[in-house]
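Q: Residue numbering for the sequence shown follows the numbering used here, beginning at 16 and increasing consecutively.
Ideal Cβ positions, reconstructed from N, Cα and C, are used throughout, including at glycine.
Keep in mind the model is a prediction, meaning the values are calculated, not measured.
One structure, pasted below without further comment.
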Amino acid sequence: METLETRLETRELRYFVAVAEELHFGRAAQRLDMAQPPLSRAIQQLERRLGVRLLERNRHGVRLTNAGEVLLQEGRAALDATAAAARRTRRAGGADSPAGARDRLILAVKAAASHDLLRKLLDAYAAEPGAAEVEVLLCGMCEQEELLRDGRADVALMHTPWNSLAGFDSEALMTEGQVALLPAGHPLAARETLSLADITDIPDLPLARWPSHGTYAPGPGPEIHNQTQLAQLIALGRTVAVVPDSARSWLWAEHAAIPLTDAPLVVTHIAWPAHSRSLALASLVRTAARL
Numbered sequence: 016m017e018t019l020e021t022r023l024e025t026r027e028l029r030y031f032v033a034v035a036e037e038l039h040f041g042r043a044a045q046r047l048d049m050a051q052p053p054l055s056r057a058i059q060q061l062e063r064r065l066g067v068r069l070l071e072r073n074r075h076g077v078r079l080t081n082a083g084e085v086l087l088q089e090g091r092a093a094l095d096a097t098a099a100a101a102r103r104t105r106r107a108g109g110a111d112s113p114a115g116a117r118d119r120l121i122l123a124v125k126a127a128a129s130h131d132l133l134r135k136l137l138d139a140y141a142a143e144p145g146a147a148e149v150e151v152l153l154c155g156m157c158e159q160e161e162l163l164r165d166g167r168a169d170v171a172l173m174h175t176p177w178n179s180l181a182g183f184d185s186e187a188l189m190t191e192g193q194v195a196l197l198p199a200g201h202p203l204a205a206r207e208t209l210s211l212a213d214i215t216d217i218p219d220l221p222l223a224r225w226p227s228h229g230t231y232a233p234g235p236g237p238e239i240h241n242q243t244q245l246a247q248l249i250a251l252g253r254t255v256a257v258v259p260d261s262a263r264s265w266l267w268a269e270h271a272a273i274p275l276t277d278a279p280l281v282v283t284h285i286a287w288p289a290h291s292r293s294l295a296l297a298s299l300v301r302t303a304a305r306l
């Protein structure tokens, strides 16, 4: 049974997450647009109610305890779920969904990925009786997970091993190999196959660097922000990239795609929140699985 000691309020979680992310009460108070003393008192009251120390405070600053690390992770997830509930509720019954309007699903897809699969899915689903309107939300690299967690999307096409499916229900739709994208005039472009070792240390053609959790790994290759930038840099002979085989659908004449014999397979999944009860979403998933 829930007790006063175990009940957490959204306000308390917002306060704690701000302090835990800033590791500074003053900056957290400024971020929350409140004074520091009531923020400090709120965190102390939260610690007393839970019966654990969440933060270690000393003259050097603030650091999270093990319990604080857990609450930060769980608190972020709870706040995301709350925001997602609000967004999906507004879409279901707000001003953007007047009475008598068709259901609407927002499908998050990485720009330029799974083009043929997406086209087939949208065409097949549109032919279903009572199909909902599907809005395709094109996003940047590995952004589908965030959009799905915070409610800006109802469903997403995600790709392992790059996207995390933790906390989602999902259905695998397609498995494919990977290719090296090279300038068409490069000597390696004449090869029938390549290995990852072949393209790792090309002196004149460094590997493109992709963002991971908002940061880029160090290296000489260019930081890639979108597919158009990548295509241009490869055509100019400035970089090489490893991409799924389906990327051939957007290749330019200046590109060459050479199969990689030892790159991990890429699996495209349709993923959705595990708690979803949307009939329109269930119908879209069934259509995707049939494909």
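#1: Do you know offhand how far A168's Cα is from A289's?
#2: Less than 6 Å between C-beta atoms, sequence neighbours within five positions excluded: which residues of the same chain meet that for E27?
#3: What does DSSP give as the partner residue(s) for K135 in the beta ladder?
#4: Give me the DSSP bridge partner(s) of A278.
#5: Using beta-carbon positions only, say whether I285 and A304 come within less than 9 Å of one another.
#6: State buried or exposed for T283, treating a residue as buried only when at least 16 other CB atoms are found within 10 Å of its CB.
#7: Taking the runs of the beta strand (DSSP E) that are 3 residues or longer, which of them lie wholly in the segment 156 to 215?
#8: Based on DSSP bridge pairs, tell me the residues matched to I239.
#9: What's the C-alpha gap between A98 and R105?
#10: Identify every residue that forms a DSSP beta bridge with R224.
#11: Should L296 go down as buried or exposed, given a rule of 16 or more other Cβ atoms within 10 Å for buried?
#12: Report buried or exposed for N81, applying the criterion of at least 16 other Cβ atoms within 10 angstroms of its Cβ.
#13: Suppose you measure from the CA of P113 to the CA of L94; what does that come to, to the nearest Å?
#14: Classify A116 as helix, strand or coil using the three-state DSSP reduction.
#15: On the three-state DSSP scale, how would you describe L122?
#16: Quick one: Cα of G115 to Cα of A123, how far?
#17: Buried or exposed: which applies to A57, given that a residue is buried once 16 or more other Cβ atoms fall within 10 Å of its Cβ?
#18: Can you tell me whether Q247 is buried or exposed? The criterion is at least 16 other CB atoms within 10 Å of its CB, across all chains shown.
#19: What is the C-beta distance between L172 and Q193, in whole angstroms, given that I count them as a contact (C-beta under 8 Å)?
#20: For P259, count the other beta carbons within 10 Å of its own beta carbon; 16 or more makes it buried, fewer makes it exposed. Which is it?
#21: Assign R305 to one of three DSSP states: helix, strand, or coil.
#22: Taking one C-beta from the segment 121 to 136 and one from the segment 73 to 93 each time, how about it: are there three or more such pairs within less than 8 Å?
#23: List the whole-angstrom C-beta distance separating L306 from K135, where the pair is believed to meet the contact cut-off of C-beta under 8 Å.
#24: Within 10 angstroms of its Cβ, does W267 collect 16 or more other Cβ (buried), or is it exposed?
#25: Thinking just about the alpha-carbon of each residue, which of I214, R78, F183 and E71 is nearest to the one in A256?
#26: With DSSP as the reference, label L70 as helix, strand or coil.
#27: What is the rounded straight-line gap between the Cα of R301 and the Cα of H39?
#28: With DSSP collapsed to three states, give me the class of G41.
#29: By Cβ distance below 8 Å, which residues in the same chain neighbour R29 in space, the five residues on each side in sequence not counted?
A: To lay it out plainly:
#1: Distance between the alpha carbons of A168 and A289: 13 Å.
#2: L61
#3: Bridge partners of K135: none, in fact.
#4: In the DSSP output, where bridge partners are listed per residue, A278 has none listed.
#5: yes
#6: buried
#7: 170 to 175, 183 to 191 and 193 to 198
#8: Beta-bridge pairing links I239 to no other residue.
#9: 11 Å
#10: E238
#11: buried
#12: exposed
#13: Legend: pLDDT at P113 = 47, less than 50; position of this residue unreliable, no value from coordinates given.
#14: Reliability of the predicted coordinates at A116 is poor, the pLDDT of 47 falling under 50, and no value is obtained from them.
#15: strand
#16: Low confidence applies to G115: its pLDDT is 43, below 50, so where it sits in the model is not reliable enough to give any reading.
#17: buried
#18: exposed
#19: Between Q193 and L172 the Cβ distance is about 17 Å, and since that is not below 8 Å, they are no contact.
#20: buried
#21: helix
#22: no
#23: 6 Å
#24: Burial call: exposed.
#25: Ranking I214, R78, F183 and E71 by Cα distance to A256 puts I214 first.
#26: Note: L70 maps to strand in three-state DSSP.
#27: 48 Å
#28: Helix.
#29: L47 and L94
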